[in-house]
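Engineer: Residues in the sequence shown are numbered from 275 upward in steps of one, following my numbering.
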Amino acid sequence: MHHQDYKILDNPVWNALQTVHSNFASGTETIQRYPVDVLQLIGCQNPGSADLCEAEAWISEGEKVFLVGTPAPLPPGWKIWQQLNCVQMICPKVSGHPPKTGFDIVPLTENDHDAMLGLVNLVQPGYFYRNTPLLGNYYGIRLGNELVAIAGERLKISGFTEISAVCTHPQFTGRGFAQQLVHHLVTQNLDSGSIPFLHFAAGNTRAQRVYQLLGFSERRMVPFWQLGR
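(1) For Val456, does the count of other Cβ atoms within 10 angstroms reach 16, so buried, or fall short, so exposed?
(2) Using a beta-carbon distance below 9 angstroms, is Ala423 in contact with chain B?
(3) Less than 9 angstroms between the beta carbons of Leu429 and Ala329, yes or no?
(4) To the nearest angstrom, how far is the alpha carbon of Leu409 from that of Val339?
(5) Would the beta-carbon of Ser300 fall within 9 angstroms of that of Pro309?
(6) If you measure between the beta carbons of Ala423 and Phe446, is that distance less than 9 angstroms?
(7) Sort out for me which residues DSSP pairs Val294 with in a bridge.
(8) In whole angstroms, what is the alpha-carbon distance linking Gln319 and Lys374?
(9) Within a Cβ cutoff of 6 angstroms, which residues of the same chain sit near Gln306, ignoring the five residues on either side of it in sequence?
(10) Closest to Gly467 by CA distance: which of Ile282, Leu417, Thr435 is it?
Here's what the structure looks like:
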């Protein structure tokens with residue numbers, strides 16, 4: 275794949291809502307969002323020039339949403355709550371094999387939503403909602419009846435799939451669970467013709483090392499802006 279083909283990842287939320295995830299989209303011709311119980315993400319055709327007043331019918335007062343990319347000057351009544359600088363990585367080819375953990379990877383279903391929600395919000399609060407699992411495939415590792423590790427798919431763009439919600443219960447880290455789950459998702463997506471990509475907070479060197487071992491390479495920095503009114 276040529277370098278130019280990856281440009282679609284510069285505006286991943288908008289391009290997901292225009293392609294594979296168009297059934298989740300609501301909004302205008304230039305600003306759209308995911309349902310509130312799926313993702314708190316909005317996408318703009320041109321983030322740097324978008325007039326967020328157009329989105330007010332789809333964003334409630336007091337609600338906080340994330341926009342990828344530096345926004346245009348905000349309309350009156352809008353506020354920037356935080357900026358997250360994230361590293362975007364891509365994996366056009368998997369490398370290496372994760373260590374054997376001795377535990378099976380299991381597909382997660384609607385019956386697992388409560389356990390998924392509890393685990394992800396224990397480790398990464400604020401980014402996973404009741405219906406986030408509708409976006410793609412999610413897999414987990416259990417110890418007994420307890421879900422202790424999870425990873426899944428979030429943004430889906432034609433030819434690309436974002437790996438997300440990669441987390442392990444704090445009592446069970448260091449066992450290679452995250453690496454095993456991400457390797458499973460990467461292999462599955464590459465086999466189906468979709469290139470995996472992901473985002474993580476800049477400075478998280480532990481996550482970066484895990485992803486590099488699996489074949490991910492850094493593509494660019496991506497700012498996530500949390501906005502609201």
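Glycine is no exception: its CB is placed at the ideal position from the N, C-alpha and C atoms.
Keep in mind that this is a model prediction, so the values were computed, not measured.
Structural biologist: Working from what's here:
(1) In the sequence shown, the residue the question calls residue 456 occupies position 182. With 16 or more other Cβ atoms within 10 Å, it is buried.
(2) The structure shown contains no chain B; it is built from a single protein chain.
(3) Start at 1 with the first residue of the sequence shown, and residue 429 comes out as number 155. Start at 1 with the first residue of the sequence shown, and residue 329 comes out as number 55. Not in contact: Leu429 and Ala329 (Cβ atoms no closer than 9 angstroms).
(4) Reading the sequence shown from its first residue, position 135 is the one you call residue 409. Reading the sequence shown from its first residue, position 65 is the one you call residue 339. So the two alpha carbons sit approximately 18 angstroms from each other.
(5) For the purposes of this step, residue 300 is taken as the residue at position 26 of the sequence shown. For the purposes of this step, residue 309 is taken as the residue at position 35 of the sequence shown. Yes, Cβ-Cβ distance for Ser300 and Pro309 is below 9 angstroms.
(6) Sequence index remark: in the sequence shown, residue 423 carries index 149 (1-based). Sequence index remark: in the sequence shown, residue 446 carries index 172 (1-based). Yes, these two residues count as a Cβ contact at 9 angstroms.
(7) To locate residue 294, count along the sequence shown from 1; it is residue 20. Val294 pairs with nothing; no bridge assigned.
(8) Start at 1 with the first residue of the sequence shown, and residue 319 comes out as number 45. Start at 1 with the first residue of the sequence shown, and residue 374 comes out as number 100. Between Gln319 and Lys374, the C-alpha separation is close to 43 angstroms.
(9) Within the sequence shown, numbered from 1, the residue matching residue 306 stands at position 32. Excluding five sequence positions before and after Gln306, the CB atoms of its chain that fall closer than 6 angstroms to its own CB belong to Leu291, Ala299, Gly317, given in chain order.
(10) For the purposes of this step, residue 467 is taken as residue 193 along the sequence shown, with counting starting at 1. Per the C-alpha coordinates, the member of Ile282, Leu417, Thr435 positioned closest to Gly467 is Thr435.
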